[in-house]
Amino acid sequence: MGSLLAAQERMRRGETTAEALLEESLGQVEAREGDLHAFLTLLPEDALAAARQSDARRARGAAMGPLDGIPWAAKDNLLTEGVRTTAASRILGDYLPPYSATAVRRLEAQGAVLVGKANLDEFAMGSSTEYSAFGPSRNPVDPGRVPGGSSGGSAVAVAAGMCHFALGSETGGSVRQPAAFCGVVGLKPSYGRVSRYGLIAFASSLDQIGTLTRDVRDAAVVLAGIAGEDPFDQTSSASPVPDYLAAVEAGGRGLSFGVPPEYLAQGVAPEVRDEVERAAGLLERRGLRRREVSLPHTSYALDAYYIIAPAEASSNLARFDGMRYGPRADGPDLVQAYRQSRGQGFGREVKRRILLGTYVLSAGYYDAYYLQAQRLRTVLRDEFLRAFAEVDVLLTPTTPTTAFRFGENTADPLAMYMADALTIPANLAGLPAISVPGRPAGGLPVGLQVMAPPLREDVLLQAAAELEEAVRP
Amino acid sequence: MAEVGLVAALAGLARLELDEGEAAGLEQDLAAILRHVDRLKELPLGQVAATYWTAEAAQGMRPDAVGPCLDVEDGLGCAAARSGRHLLVPGLREDA
């Protein structure tokens, strides 16, 4: 399966149809879903109807744009009206949303064909999909290894050719990390660039919807399709959405970049570090200028994240109490019914984070933990802005290692959390960031991360396209 | 730092029922995580302003506009239990 732009061009030339693209996607699902478990819900009939409508539009010369007729997948924490949306949790096992997320509605309005809802770690809390209540997804490159998470199902669906693109969500790296592990492109836009309306909230000051695609140009197209102000999300940015694809086509050879040494420090595997240095050299050979930059507080970002995100999660998940959604456990009174419903409905990782969040927000600990973490956030953001006064973008590894084996980190939550150590800073600072596949190491994909200033996705995509071209074998 | 019995107290605040084995495991996890994040306290950040949101241009309040309301049947469609057009919930504790 090629890129979505190539598929669109084939449709324009009459060489294929939306229905044929869908058959190709569903053929891959049939062949590989049993092994990979990318999806929690499949929608073959709805998708076929949407594909036929797209073909009818094209036949009468009314095709709607680059996404019309293109098969895609939505992470199952994005609300889809009338279609089961679980967040991979037992507590939402049968939830049928009464409305769709803005990003979903925008894609539907542009004719994109939704194939199904993709697996994830429960409530997007995890880095491997091992915390899905419905079983993990598997990495298409090596099914003995995790695909990353939490948007693991979305990454698997794209990497295995089950759809041309997917939406995921990020709180601390949940699009870029699985993209790196599965060898696809994962883009996290700036905070506010894409509406969060209809995204099941995990940590509201960090959450952002992102894209998983086969290449950078496709990322530009999908981002343009979902970005922009939304009256239903107060934090969505009112700044105009640039023509991202035109920015990519303009090229990024005049850009400058830095490789902060803190991102190559202890814990980063030698083969990952080597690939970043190799990529930096290739960018220089293409005419991009390298300058020294430093982000000294990077190593504290993980600590701040594991205070802020659980704090917000403990508040956001209070609504799941067995009254308004999902199954209700019996209890002699209201409080016991809450406790039993939540105790039975949530998995261990979600409970761990709710307890941690409750702790750091509790009387006597708020200043020491939560306030201190939010202050560090200011420091991290200021460091990034100083670095961006020197360079246009930053180049780093996406993850410290390549994909790990199932069970390798589940017994040690801190080890699991380390998988997001290099992606979290961009979430805390609200920056756009992207993971582009580099040269594999030991047969496993390696992700190269590019970060740019807030709302400069145009520059980010330009640099990412140069990087993609530079590292291509 | 996690004290003995802390998880039980937090579970009460968070309205989470935990079995004994689960509580013991979570107590260990919580202690390990808090040991790790405790190093944040060493940073001299007392004079630094906190950043709670990174949105460049929050829209503020949107103008009031009358729009279609969510259908009651849709709204109640996923309720755990209902009575007619209302959510049905267990009774409150008499001693609460």
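Which chain is which? The protein sequence lines are A and B, in order. Counting from 9, one number per residue, gives the positions in the first sequence under our numbering. Counting from 67, one number per residue, gives the positions in the second sequence under our numbering. Beta carbons: idealized from backbone N, C-alpha and C, even for Gly. As the structure is a computational prediction, the values presented were derived from the model and not from experiment.
Amino acids of chain B, ordered along the chain, whose beta-carbon sits closer than 7 Å to that of residue i
i: Ala-345 (chain A); result: Pro-156
i: Ile-362 (chain A); result: Ala-80, Leu-82
i: Ala-1 (chain A); result: This structure does not reach residue 1 (chain A), given that chain A is present from 9 up to 481, and the question cannot be answered.
i: Asp-341 (chain A); result: Pro-156, Gly-157, Leu-158, Arg-159
i: Tyr-199 (chain A); result: Thr-120, Ala-121
i: Tyr-103 (chain A); result: Cys-144
i: Gly-351 (chain A); result: Leu-82, Glu-83, Leu-84
For residue i, three-class secondary structure by DSSP
i: Ile-99 (chain B); result: helix
i: Met-426 (chain A); result: helix
i: Ser-177 (chain A); result: strand
i: Ala-397 (chain A); result: helix
i: Met-72 (chain A); result: coil
i: Phe-142 (chain A); result: coil
i: Asp-200 (chain A); result: Rather than Asp, the amino acid found at residue 200 (chain A) in this sequence is Gly. Note: Gly-200 (chain A) maps to coil in three-state DSSP.
i: Met-208 (chain A); result: Strictly speaking, residue 208 (chain A) in this sequence is Ile, with Met absent from that position. Correct three-state label for Ile-208 (chain A): coil.
i: Ile-315 (chain A); result: helix
i: Gly-266 (chain A); result: strand
i: Ile-432 (chain A); result: helix
i: Gln-505 (chain A); result: Lying before the first or after the last residue shown, residue 505 (chain A) is absent from chain A, which here runs from 9 to 481.
i: Ser-213 (chain A); result: coil
i: Phe-189 (chain A); result: helix
i: Ser-97 (chain A); result: coil
i: Gly-160 (chain A); result: helix
i: Ile-234 (chain A); result: helix
i: Ala-162 (chain B); result: At Ala-162 (chain B) the pLDDT is 49, less than 50, meaning the model places this residue with poor confidence and gives no usable figure here.
i: Val-454 (chain A); result: coil
i: Val-387 (chain A); result: helix
i: Met-133 (chain A); result: coil
Partner residues on chain A for residue i, Cβ-Cβ distance less than 9 Å
i: His-102 (chain B); result: Leu-310, Asp-311, Tyr-314, Leu-422, Tyr-425
i: Ala-98 (chain B); result: Asp-420, Pro-421, Leu-422
i: Gly-150 (chain B); result: Near Gly-150 (chain B) there are no residues of chain A at all, since even the closest Cβ is about 16 Å away, more than 9 Å.
Listed by chain order, chain B residues near residue i by CB distance under 8 Å
i: Asp-329 (chain A); result: Arg-81
i: Thr-366 (chain A); result: Leu-76, Leu-79, Ala-80
i: Pro-408 (chain A); result: The contacting residues do not exist; Pro-408 (chain A) stays about 16 Å from chain B at best.
Cβ-Cβ separation, residue j to residue i (assumed contact under 8 Å), whole Å
i: Val-276 (chain A); j: Leu-253 (chain A); result: With a Cβ gap of about 33 Å, Val-276 (chain A) and Leu-253 (chain A) do not count as contacting.
i: Pro-335 (chain A); j: Asp-140 (chain B); result: About 19 Å separates the two Cβ atoms, so there is no contact after all.
i: Val-224 (chain A); j: Glu-465 (chain A); result: The Cβ separation is near 11 Å, so there is no contact.
i: Asp-341 (chain A); j: Gly-157 (chain B); result: 6 Å
i: Val-112 (chain A); j: Thr-94 (chain A); result: With 8 Å as the limit, Val-112 (chain A) and Thr-94 (chain A) do not qualify as a contact, their Cβ atoms being about 15 Å apart.
i: Ala-395 (chain A); j: Gly-266 (chain A); result: 6 Å
i: Tyr-346 (chain A); j: Arg-81 (chain B); result: 4 Å
Proximal chain B residues relative to residue i, where beta-carbon distance stays under 9 Å
i: Tyr-333 (chain A); result: Cys-144, Ala-145, Ala-146
i: Lys-125 (chain A); result: Under the 9 Å cutoff, chain B gives no residues; its nearest Cβ is about 16 Å from Lys-125 (chain A).
i: Lys-359 (chain A); result: Ala-77, Ala-80, Leu-82, Leu-84, Glu-88, Leu-92
i: Pro-248 (chain A); result: Correct list: empty, because the minimum Cβ distance to chain B is about 11 Å.
Exposed unless 16 or more other CB atoms sit within 10 angstroms - verdict on residue i
i: Gln-457 (chain A); result: buried
i: Glu-391 (chain A); result: buried
i: Glu-108 (chain B); result: exposed
i: Tyr-377 (chain A); result: buried
i: Cys-135 (chain B); result: exposed
i: Tyr-308 (chain A); result: buried
i: His-172 (chain A); result: buried
i: Gln-94 (chain B); result: exposed
i: Ala-162 (chain B); result: Here Ala-162 (chain B) scores only 49 on pLDDT, less than 50, and its place in the model should not be relied on; the value that follows carries that caveat. So Ala-162 (chain B) ends up on the exposed side.
i: Gln-185 (chain A); result: buried
i: His-45 (chain A); result: buried
i: Ala-478 (chain A); result: buried
i: Asp-35 (chain A); result: The sequence shown places Gly at residue 35 (chain A), not Asp. Exposed, since its Cβ has fewer than 16 Cβ neighbours within 10 Å.
i: Glu-285 (chain A); result: exposed
i: Phe-240 (chain A); result: exposed
i: Glu-178 (chain A); result: buried
i: Glu-398 (chain A); result: exposed
i: Glu-257 (chain A); result: exposed
i: Asp-226 (chain A); result: buried
i: Leu-113 (chain B); result: For the record, residue 113 (chain B) in the displayed sequence is Gln; it is not Leu. That one is exposed.
i: Gly-233 (chain A); result: buried
i: Ala-441 (chain A); result: buried
i: Arg-20 (chain A); result: exposed
Beta-carbon neighbours of residue i, restricted to chain A and to distances below 7 Å
i: Ala-71 (chain B); result: Position check: residue 71 (chain B) holds Gly in this sequence, whereas Ala was assumed. The contacting residues do not exist; Gly-71 (chain B) stays about 13 Å from chain A at best.
i: Gly-87 (chain B); result: By Cβ distance, chain A contributes nothing, its closest Cβ being about 11 Å from Gly-87 (chain B), past 7 Å.
i: Ala-133 (chain B); result: Per the sequence shown, the amino acid found at residue 133 (chain B) is Gly instead of Ala. The premise fails here: Gly-133 (chain B) is roughly 10 Å from chain A at the closest Cβ pair, so nothing lies under 7 Å.
Cross-chain neighbours of residue i in chain A, by beta carbon under 8 Å
i: Ala-116 (chain B); result: Leu-379, Gln-382, Arg-383, Arg-385, Thr-386
For the region 369-396 of chain A, enumerate the residues whose C-beta is nearer than 8 Å to any C-beta of chain E, in chain order. The chain inventory of the structure shown lacks chain E, comprising the protein chains A and B.
Three-pair Cβ contact test at 8 Å for the region 57-77 of chain A versus the region 119-136 of chain A: yes
Check whether the region 348-358 of chain A and the region 401-409 of chain A touch, using three or more Cβ-Cβ pairs below 8 Å as the test. no
On the three-pair Cβ rule with 8 Å, is the region 23-41 of chain A touching the region 161-176 of chain A? yes
Is it the case that the region 141-148 of chain B contacts the region 317-328 of chain A, given that we only count it when at least three CB pairs across the two stretches are under 8 Å? no
Contact between the region 196-210 of chain A and the region 244-253 of chain A is defined here as three or more beta-carbon pairs at a separation below 8 Å; is this criterion met? yes
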